[in-house]
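J.: Residues 0 to 347 (numbering that gives the first Met the number 0) make up the sequence shown, in order. Every residue gets a Cβ at the ideal spot worked out from N, C-alpha and C, and that includes glycine. Pasting a structure here, questions to come.
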Amino acid sequence: MLKIPQLQSLRALAATAIFIHHGGLYTWYMDAFGAFAVLLFFCLSGFLMSAHYSERVVSTDFSYRRFISGKLLKLYPLNVCCAVLFFVLLVSEGHIHLYSFVANLTLTQAWLLNPSQALVCNGPAWTLSVTILFYFIFPPLIALASADRRKFFFIIGAAFLLYLSTIPWLSGRYDESIFYFFPPVRIFDFLLGMVVWLLVPSGIRLRRGQTIPEIGAVIVFIGYVASYRFLAPTVKELSGAWIPAVALIAVFAQRESRGLISRVLSFKPLVWLGSLSFSLYLVHRPIQYLLSLCFKGAGIEVPLWLYLIIGYVITVGLCALINPFFVSRLPKMVMSRLFPSRPVAVGK
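If you want it as structure tokens, here you go:
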């Protein structure tokens, strides 16, 4: 997939924010960071997939089945391993959540409209329910955008208007299972990423003042975090976060940018951490839970900050070891068996 250093670093920061929030730092600003990080992941996926596959999807050798198979193989094996580990840890504590375990294995957590039960077994994996839905609808959508951009924007625009028109009416009827987890609702975050890719060229290079728009995007994000406590749930966790997400992606998608913040985000260790973001996102909760059980079993009480540091170091180290296998080698190996390359005829 297309690699833009600044966006990779944004993924690293988002994954880290989610790790800290799930690790026990339950403050209003971490609530804001956590909710925004999930939305940013979705938007970035829509943006990067559009940039990477827009030409491939319309090519004559594109295979829908191969595309879906490749995507599933990159996320499902690691998800199964994390689900099994978490389920075993729960059983060791006398908690048998078979319902949540099966929902995780079938990637239906977010469809069940019962997050209190479905999210017990490695809760962060609920996002895969949304991701899978996007994978299935992405090829025809990007093909439509390539063939008839006006028609694409008309359909997507109508869908967004329909969704946004329901927010005032439903502001007093907020249901987290529908508005935060439900895939048909969260799919708009992916679609927004597609729209940003279509509207914002990523090859612009400003000769002067490159830092100014970057600071502006960060200020928009800070404004969102500061206002988080005062916004309605249907706004602060969903559509209200679209503005800072679009600002950050649009500004930092400029690959030739030499602004001050872009230079910071191009720091190689941070970019490398971004390449581990998917594994870090799936693995961190089992590691946190296992670590808490170890401390509890040993009768050791550690401050939250130390618990977070130890857990983060272990999680990043583990992800660095397993990421090449689960994200690259295993999918390639299975794909080569499912879709063997045709021999190339050599002329005499």
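(1) Give the DSSP-derived three-state secondary structure of K331 in the structure shown.
(2) Can you give the beta carbon distance from F189 to F41, rounded, assuming they're within the 8 angstroms contact cut?
(3) Three-state secondary structure (DSSP) at F63?
(4) Pick helix, strand or coil for C120, following the three-state DSSP scheme.
(5) Using three-state DSSP, classify V343 as helix, strand or coil.
(6) Taking all protein chains shown into account, do 16 or more other C-beta atoms lie within 10 angstroms of the C-beta of V90, making it buried, or fewer, making it exposed?
(7) Does the region 72-86 come close enough to the region 330-339 to have 3 or more Cβ pairs within less than 8 angstroms?
(8) Under three-state DSSP, which class holds P182?
(9) On the criterion of 16 or more Cβ atoms from any shown chain inside 10 Å, does F187 qualify as buried, or is it exposed?
(10) Given a threshold of 16 other Cβ atoms within 10 Å of its Cβ, counted over all protein chains shown, does R149 qualify as buried or as exposed?
(11) From which residue to which residue does the alpha helix (DSSP H) around S49 run?
(12) Sort I242, A16, R262 and L303 by Cα distance to Q209 and report the nearest one.
(13) Of the residues T126, I308, V199 and F153, which one's Cα is nearest the Cα of L281?
(14) In or out: P323 buried (at least 16 other Cβ within 10 Å) or exposed?
(15) Can you tell me the Cβ-Cβ gap for V315 and L275, rounded? I've got them flagged as a contact below 8 angstroms.
(16) Measuring CA to CA, which of K267, S278 and V234 is closest to S327?
(17) Where G258 and L247 are concerned, what is the direct C-alpha to C-alpha distance, given to the nearest angstrom?
(18) Can you find the residues in the same chain that come closer than 8 angstroms, C-beta to C-beta, to F285, ignoring five residues on each side of it along the sequence?
(19) Cα separation between M193 and G239?
(20) What did DSSP end up calling A16 once you bin it into helix, strand or coil?
(21) Which one of I67, I154, F153 and R185 has the shortest CA to CA distance from P138?
(22) Taking P243 as the reference, which of D147, Y98, V57 and I218 has the closest Cα?
(23) Here's the rule I'm using: 16 or more other beta-carbon atoms within 10 Å means buried, otherwise exposed. How should V312 be labelled?
(24) Can the beta-carbon of S62 be found less than 7 angstroms from the beta-carbon of I141?
(25) Can the beta-carbon of L39 be found closer than 7 angstroms to that of A13?
(26) For I17, count neighbouring Cβ atoms within 10 angstroms of its own Cβ and tell me buried if that reaches 16, exposed if not.
T.: Concretely, from the data shown:
(1) helix
(2) 5 angstroms
(3) Note on identity: in this sequence residue 63 is Tyr, with Phe being the wrong assignment. Y63: helix per DSSP, three-state reduction.
(4) coil
(5) Its pLDDT being 45, under 50, V343 is placed unreliably by the model, and the measurement read from it follows with that caveat. Coil at V343, not helix or strand.
(6) exposed
(7) yes
(8) helix
(9) buried
(10) exposed
(11) W27 to V56
(12) R262
(13) T126
(14) exposed
(15) 7 angstroms
(16) S278
(17) 13 angstroms
(18) Going by the sequence as given, residue 285 is Pro instead of Phe. Within the same chain, P285 has close Cβ partners C81, L84, F85, L88 and N121.
(19) 18 angstroms
(20) helix
(21) I67
(22) I218
(23) exposed
(24) no
(25) yes
(26) buried
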